[in-house]
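First to last, the sequence lines map onto chains A, B and C. FYI, in the working numbering the residues of the first sequence are 1 to 322. FYI, in the working numbering the residues of the second sequence are 1001 to 1300. FYI, in the working numbering the residues of the third sequence are 2001 to 2248. Please read the structure below before turning to the comments.
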Amino acid sequence: MKLQGYLPILVVTALLAVVPFLSNSNTLYNFMVTSLIIALAAQGWNILGGVAGQTSFGHALFFGVGCYTAAMLQFHFGINAWLAFLMALAAGAGAGFIVGFLSFRAGLRGSYFALITLAFAELMRILANASEWTGGAAGLLLKLDPGFANMQFASRASFMWLALAFVFVGLLISRAIAGSRFGAHLVAVRENEDAARALGVDVLTVKLKAISLSGAMTAAAGVLYVQNFLYIDANIGFGAWISIEALLAPLVGGRGLVLGPLIGTFTLHGLGELTKTFAGRVPGIDLMVFAVVLICVVAFASDGMLGLLRRFAPRLAKRIAL
Amino acid sequence: MQRNWKSDWIMYSPIILIEAMINGLLTGSIYALIALGLTLVYGVLHIINFAHGATLAVAMFAVWGLNIAAGIDPYLSILLLAPVFFALGYGVQRFIIGPAAGGDDGNILLITLGLSIFIENALLASFGSDTRAITSDLSFSVVELGPFLISTPRLIGFAGSLIVTVILWFVMTRTDAGKAIRAVAKEKLGASLMGINVAHVYALTFGIGCAALAVAAGLLMPSFYVNPRVGGAFVNIAFTIVVLGGMGSIPGAMIGGLLIGIVESLSGLLLGESLGQIGIFIIFILVLLLKPTGLFGAKA
Amino acid sequence: MLEIADITMRFGGLVAVDRASLHVEKGSITGLIGPNGAGKTTLFGVIAGFLKPTQGRVIWQSQDITDLKPHQRAELGIARTFQIVQPFQGLNVLENITVGAYLRHHRAQDAIEKARAVAIRVGLEKDIDLPASSLTVAGRKRLELARALATEPKLLLLDEVLAGLNPSEIRDIIPVIRAIRDDGVTILMIEHVMQAVMNLCEQVYVLAQGQMIAHGTPASVCNDPAVIEAYLGKGAAARMAQTGGAHA
Chain A
1 MKLQGYLPIL
11 VVTALLAVVP
21 FLSNSNTLYN
31 FMVTSLIIAL
41 AAQGWNILGG
51 VAGQTSFGHA
61 LFFGVGCYTA
71 AMLQFHFGIN
81 AWLAFLMALA
91 AGAGAGFIVG
101 FLSFRAGLRG
111 SYFALITLAF
121 AELMRILANA
131 SEWTGGAAGL
141 LLKLDPGFAN
151 MQFASRASFM
161 WLALAFVFVG
171 LLISRAIAGS
181 RFGAHLVAVR
191 ENEDAARALG
201 VDVLTVKLKA
211 ISLSGAMTAA
221 AGVLYVQNFL
231 YIDANIGFGA
241 WISIEALLAP
251 LVGGRGLVLG
261 PLIGTFTLHG
271 LGELTKTFAG
281 RVPGIDLMVF
291 AVVLICVVAF
301 ASDGMLGLLR
311 RFAPRLAKRI
321 AL
Chain B
1001 MQRNWKSDWI
1011 MYSPIILIEA
1021 MINGLLTGSI
1031 YALIALGLTL
1041 VYGVLHIINF
1051 AHGATLAVAM
1061 FAVWGLNIAA
1071 GIDPYLSILL
1081 LAPVFFALGY
1091 GVQRFIIGPA
1101 AGGDDGNILL
1111 ITLGLSIFIE
1121 NALLASFGSD
1131 TRAITSDLSF
1141 SVVELGPFLI
1151 STPRLIGFAG
1161 SLIVTVILWF
1171 VMTRTDAGKA
1181 IRAVAKEKLG
1191 ASLMGINVAH
1201 VYALTFGIGC
1211 AALAVAAGLL
1221 MPSFYVNPRV
1231 GGAFVNIAFT
1241 IVVLGGMGSI
1251 PGAMIGGLLI
1261 GIVESLSGLL
1271 LGESLGQIGI
1281 FIIFILVLLL
1291 KPTGLFGAKA
Chain C
2001 MLEIADITMR
2011 FGGLVAVDRA
2021 SLHVEKGSIT
2031 GLIGPNGAGK
2041 TTLFGVIAGF
2051 LKPTQGRVIW
2061 QSQDITDLKP
2071 HQRAELGIAR
2081 TFQIVQPFQG
2091 LNVLENITVG
2101 AYLRHHRAQD
2111 AIEKARAVAI
2121 RVGLEKDIDL
2131 PASSLTVAGR
2141 KRLELARALA
2151 TEPKLLLLDE
2161 VLAGLNPSEI
2171 RDIIPVIRAI
2181 RDDGVTILMI
2191 EHVMQAVMNL
2201 CEQVYVLAQG
2211 QMIAHGTPAS
2221 VCNDPAVIEA
2231 YLGKGAAARM
2241 AQTGGAHA
C-alpha cells in the first residue's frame, strides 16, 4: 500500500525521461525544460497554497531569491554552482520563514495573505532592479562553462534530465508529506484552524514549516532557471509571471494533490502551444487561454484535472492511488 | 547610487518640495477615485477585486481609442464611458463573478485574478505592448499658483475627482439604490429578508466601481500614458490606499489616496523614478502587519 | 484535577464571565448549565486556551496553565468539542479522526489504527469513508466527539454535544459518553438537555449572566431558588413554591 502511492510518480517521471529519445528538436527541449522549471516552482507553491491552504500571489519572491542567490554567489564570489544551489535552498527557506513569521504572526489569512506576498515580491523586484549587486536593470549574465561541476550541460537532454530529477525529488517530498503527520496537520490547518488547534496542532509552527519548505522548493526552480539561461534580471526573477504560473498549475492540475502541479503545468503549456499553433504567435494569447481555464476550474472543477478524473473515472483514479 | 539622502533633502528648495507635494496631492485625488471603487466593492461584497487595475487599463485604452479614432476629448469621453463601464461592471459581476464564485471568498479572489490576466493579455494581443499617450495642448500646460507651477490636467483631475465623490456621496445617502447598497453592506441577510435583491445590489455596486474607473481614466489620460501592463501599477497603488484607509471605508480611501499621492511624489523626487515606488509597498506591508484595519477600518 | 479560580472575561465593555470558579473532580462527569448567553461557551474557551481571561487562573493538575496555548493544553490532555461543529469539511471521517490521533501517535499507521478504534467506539465505523460534509447532524456530533477522543485526553470538554439531536439519538449517545468516563476520562459538559444532565452528571455548576450562582448534585441544583429564577425570571421560585404549596 505504501509503495503504491509512489507508483504514479515513478511512471510519470519515466514517461518524461524518455522524451529526449523521441526527438531532439530544440522547441521540444525548450518546452520541456521551461515546463519542468515551472512545475517545480508550482510544487513549492502547492505545499503552502494547496496543501496548507495559504494562497500566495507572490511566489516570485522565492523564485527570485533562488535565482539571485545562485547567480550572485557564482558571479561575485565564483562559488561552485552546486554549493550555490544549496545556499539558494537555504535562502529560499529563510525568505519563507521571514515572510511567514511576519504575516502569520500578524494573523493574516486569505486575501490579506495573498496580497502581502505579492507586495513582498514587488518590493524585491524594485530593489533588485535598482541595486548594483544584482546588476540593476541590466541583470546578471553568467559565464558559459559547461560541465557537471558547474551545473551546466552542453547537451540539452542532460539539462532536461537534471530538471526532471529535481521535479522527481520534489514529487517524492510532496508524496512523503501527504502520507505523514505533518501532511495531516497541513490539511487540518487549511480546513479549519480552530479545530486543528483544539486537536493539539501548533498552527503557527505548521504554517512556518510549510512556507519555509515551499520557499526552498520554489527557490530550487529559480536555480534551475539561472543554470539553464545563464541570465537573470529583476522582471524574470521577481516578476509577476512566475507568481502566476506557480499558482495556476496546481489549481488547474489539482490543488493540494501530489501530481497536481506537474499535470497542471503540462496541461496549461500544452494548451498554450496548441493555441499558438492555431492562432499564430499573438503575444499574450496563451495567457488568455490560461485565464479562461483558471476561471473554469474555479467555477466548475475545484479539484482540477485530477479531481475530474476522480469524478468521472473513480476506479482508475483509485487504482493509480490519487 | 552613492547618494547622501540628507544633503539631497537640503538640496531641494522648499518650493520644489511643496510643489511636489501639491502635484502628489492632485494625482492622489485620482488615485483616491480609483481606490473608491475597490473599497466600495470590498465594503459591500466583502471581496477583493483583483481585476480592478485591468479594468482601469481597458478604460484608459477606451479613452485613448475614442480620441485617436473620433477625436473625442478625453474629458468629454467620460460622459460616454461612465455609463458603458457601469453596464459592463454590472454584467460582469451578475453573470460571471457572482455565479462562478459560488460564494467562496478565496474563489472570488482567484476568479478576479483570472479576469485580470485575461484582460491584460487581451489588451496585449490587440494593441501590442507599446505605450500610448494623448498629447494635446493641455497635456503640458501649467497654472501658476503663487510661486508654484501646477500641472493643469492634474488640477482638472482633482476637480473631477471631487465632483465624482460628491455625486457618489449623494447617491449613497439620498437615493433608494444607495440606501439598498448600504443596507446590504451592513446586514446582507436582513436586507434580503426585507425584499432587497442582493445579487442586483452587488452588481450595482460593482457597476459603480467600474464607472468610477471610467471617470478616473478620462481624468488621467491627458497627463498619463497607457499600455497593457499599466493596470498592475495602479492596482498596487489602489490596494495600498484601501488597506491604509481601512478596507471598505470610503473616507479612508479618499484620505489614503491623497496621502499615497504625496508619498509617491516625494519618494519619486528623493529616490528617483525606479526606487521611488518602494515607499508604496513598504507602507502596504507595514499597514498590513501592524494595523490591518487601516486608519478608518471598523474591525478586521 | 481542573481548577478555575476567579475567572473574569471582558469583551470591551461587556463582562461575559464574572469571577467564576469551578472544580472538576478526577474521574467525574461534571455538568455546566445555565440559560442562553450565560457565558458557558466563553468559559470553555478560557479553559481550552482559545480565550485569554481578563483575570483569574486556570489550574490543571496543580500546574498553572493560564498562559498556555490551545495546542499545548491539548498535549497536556485537555480536549474540547465545539458547540457549532467544526469538521474538516474536505476530509473523510477517518481522516478527520486521524488528525486527532496524530497528537499521540507520530507514525501514520499507528494514528490510523487509533482513529479506527475511536470510530468504532463512538459508533461511526460504518461512515468511515464518507466525506465529513455528508454526515447528518448526529453523525457530525459523533465525529466531533471522536476527534477529541482520538487525542487521548484526560479531560474532555463537551460543548452541547446533544443539542440538535432527537430523543432517540440522545438515548443512543448517552451510553457512549458514560463509557468514555468509565474508561478513565474525566468529563466537563455544557448541556441544555436536562434529562441527560440528570442522567450523567455527579456535580453540576450553574452559570447565569457570567456568574456562578449554584453548584451541587443535579437534584439539589434543580430545586435551588436562585437557579429557578435564573431560568424562569424573577419571582418564579416564590410563585412555584406558592402554587406547589396551594396544591399540597
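Glycine residues also receive a C-beta, built at the ideal position from the N, C-alpha and C atoms.
**Message:** How far does the beta strand (DSSP E) with C/R2010 in it extend, from its first residue to its last?
**Reply:** 2002-2011
**Item:** Close beta carbons around B/R1003, own chain, < 8 Å, minus the five adjacent residues each side
**Value:** Because B/R1003 sits at a pLDDT of 46, beneath the cut-off of 50, its placement in the model cannot be relied upon, and the point is left open.
**Request:** Grab the span of the alpha helix (DSSP H) containing C/E2113 for me, first residue to last.
**Result:** 2108-2121
**Prompt:** Along the chain, which unbroken stretches of the alpha helix (DSSP H) at least 4 residues long are found entirely within the region 1225-1297 of chain B?
**Reply:** 1230-1245, 1250-1271, 1273-1276, 1278-1290
**Request:** Please list the segments of the alpha helix (DSSP H) lying wholly inside the region 1086-1118 of chain B, counting only runs of 4 or more residues, in order along the chain.
**Result:** 1098-1101
**Identity of the residue in A/G139, A/A71, A/M72, A/Q43 nearest A/H59 by Cα** = A/Q43
**Request:** Between the Cα of A/S214 and those of A/G5, A/T13, A/L3, A/V51, spot the shortest distance and give me the residue it belongs to.
**Result:** A/V51
**Inter-residue spacing [alpha-carbon to alpha-carbon] between B/N1197 and B/A1180** = 9 Å
**Request:** Report the residues of the region 2022-2048 of chain C with a CB closer than 8 Å to any CB of chain A, ordered along the chain.
**Result:** A2048
**Where C/T2186 falls: helix, strand or coil (DSSP)** = strand
**Message:** DSSP has A/Y231 in a bridge; who is on the other side?
**Reply:** A/L141
**Request:** Could you tell me whether the Cβ of A/M72 comes closer than 9 Å to any Cβ of chain B?
**Result:** no
**Prompt:** Which full runs of the alpha helix (DSSP H) of 4+ residues lie inside the region 20-67 of chain A, going along the chain?
**Reply:** 26-45
**Request:** Could you check if B/F1170 is buried or exposed, using at least 16 other CB atoms within 10 Å of its CB as the buried criterion?
**Result:** exposed
**Prompt:** Pick from B/T1131, B/Y1012, B/S1013, B/T1039: whose alpha carbon is nearest that of B/V1242?
**Reply:** B/T1039
**Request:** Taking A/S111 as part of the alpha helix (DSSP H), name the residues at either end of that continuous run.
**Result:** 110-130
**Asked** At a Cβ threshold of 9 Å, is A/V201 touching chain C?
**Response** yes
**DSSP state of C/Y2102 mapped onto helix, strand, coil** = coil
**Asked** Under 7 Å Cβ-Cβ, which residues of chain B neighbour A/L102?
**Response** L1289
**Message:** Looking at chain B, is there any beta carbon in it that lies within less than 9 Å of the beta carbon of A/G270?
**Reply:** no
**Asked** For A/N235 and chain C, any beta-carbon pair shorter than 9 Å?
**Response** no
**Request:** Could you name the residues that DSSP lists as bridge partners for B/F1148?
**Result:** B/L1145
**Alpha-carbon to alpha-carbon, C/L2076 and C/Y2231** = 35 Å
**Asked** Below 9 Å between beta carbons: does that hold for C/F2044 and C/L2157?
**Response** yes
**Sequence-distant residues of the same chain with beta carbon closer than 8 Å to B/W1005, five excluded per side** = Low confidence applies to B/W1005: its pLDDT is 49, below 50, so where it sits in the model is not reliable enough to give any reading.
**Prompt:** Would you call the CB atoms of A/A188 and C/F2050 closer than 9 Å?
**Reply:** no
**Item:** Any chain A beta carbon closer than 9 Å to C/A2119
**Value:** no
**Message:** Closest to A/G272 by C-alpha separation, out of A/D286, A/R281, A/F278, would be which residue?
**Reply:** A/D286
**Prompt:** Once you ignore the five residues that flank A/T13 on each side, which residues in its own chain have a CB closer than 8 Å to its CB?
**Reply:** L164, V167, F168, L171
**Message:** Can you pull out the residues from the region 179-190 of chain A whose beta carbon lies closer than 8 Å to at least one beta carbon of chain C?
**Reply:** G179, S180, R181, A184, H185, V187, A188, R190
**Message:** Which same chain residues end up closer than 8 Å to B/K1299 when comparing Cβ atoms and leaving out the 5 residues on each side of it in sequence?
**Reply:** Any reading at B/K1299 must be qualified, since the residue scores a pLDDT of 44, below 50, and its modelled position is unreliable; no value is offered.
**Request:** Using a cut-off of 9 Å between C-beta atoms, extract the partners of C/R2147 located in chain A.
**Result:** A195, A198, L199
**Request:** With 7 Å as the limit, tell me which residues of the region 33-55 of chain A have their beta carbon closer than that to any beta carbon of chain C; keep them in chain order.
**Result:** none
**Message:** I'd like to know whether the C-beta atoms of A/A39 and A/G66 end up nearer to each other than 9 Å.
**Reply:** no
**Request:** Would you please state the rounded distance, in angstroms, between the beta carbons of B/I1260 and B/I1285? I believe it to be under 8 Å.
**Result:** With 8 Å as the limit, B/I1260 and B/I1285 do not qualify as a contact, their Cβ atoms being about 14 Å apart.
**Item:** Endpoints, beta strand (DSSP E) assigned at C/S2021
**Value:** 2014-2024
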